[in-house]
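Undergrad:
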């Protein structure tokens, strides 16, 4: 069996009144996994670096531009029975301005800004929930020993 990487996971947060709010998007009825809440995800195009995919997909799915952009020291994985491969999914996070306006694409029917606890409650997959916990720890907790790689925008 092949191990590959063809998707990215990108979390978006804003700082509001000394707390973090994560952007969640509800998948449209016409998409695979309809009506689930998720962060921005997307497929890596040929010749594209994973972080380039993250930036492109965020712009396409939300119209947002990051103020800061990091690689999260966490990789999600899953088995694709359609392709018979294990897929490793790099995780990214970006901060946007608190007053940024979200313009969702047709891939999604709704969006909402939520705190960490609500994000963990709504996200379907354990790996995505773990990403939120890691991001929150890094951004909020002063004692964090995590080191995120900051990417140039």
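Residue numbers (this note's numbering): 18 to 170.
Each residue gets a CB set at the ideal place from its N, CA and C atoms; glycine is no exception.
1. Measuring alpha carbon to alpha carbon, tell me which residue in 38, 80, 29 and 77 is nearest residue 56.
2. Identify every residue that forms a DSSP beta bridge with residue 24.
3. Per DSSP, what kind of secondary structure is residue 73 in: helix, strand or coil?
4. For residue 103 and residue 113, what's the separation of their Cα atoms in angstroms?
5. Over what stretch of residues does the alpha helix (DSSP H) that includes residue 140 continue unbroken?
6. CA-CA distance, residue 157 and residue 105?
7. Do residue 40 and residue 89 come within 8 Å of each other at the CB atom, strictly closer than that value?
8. Below 8 Å between beta carbons: does that hold for residue 32 and residue 136?
9. Figure out for me which residue from 155, 23 and 74 has the closest Cα to the Cα of residue 37.
10. Assign residue 18 to buried or exposed, taking buried as 16 or more other Cβ atoms, counted over all protein chains shown, within 10 Å of its Cβ.
11. Between 107, 99 and 139, which has its C-alpha nearest residue 66's C-alpha?
12. Hey, residue 125 and residue 44: beta-carbon distance below 8 Å or not?
13. Taking C-alpha atoms, which residue in 169, 130 and 49 lies nearest to residue 42?
14. Using beta-carbon positions only, say whether residue 109 and residue 170 come within less than 8 Å of one another.
TA: Reading it off the structure:
1. 29
2. 60
3. helix
4. 32 Å
5. Residue 140 -> no alpha helix (DSSP H), and no H or E assigned at all.
6. Distance between the alpha carbons of residue 157 and residue 105: 27 Å.
7. For the pair residue 89 and residue 40, the CB atoms are not nearer than the 8 Å cut-off.
8. No.
9. 155
10. exposed
11. 107
12. In contact: residue 125 and residue 44 (Cβ atoms closer than 8 Å).
13. 130
14. no
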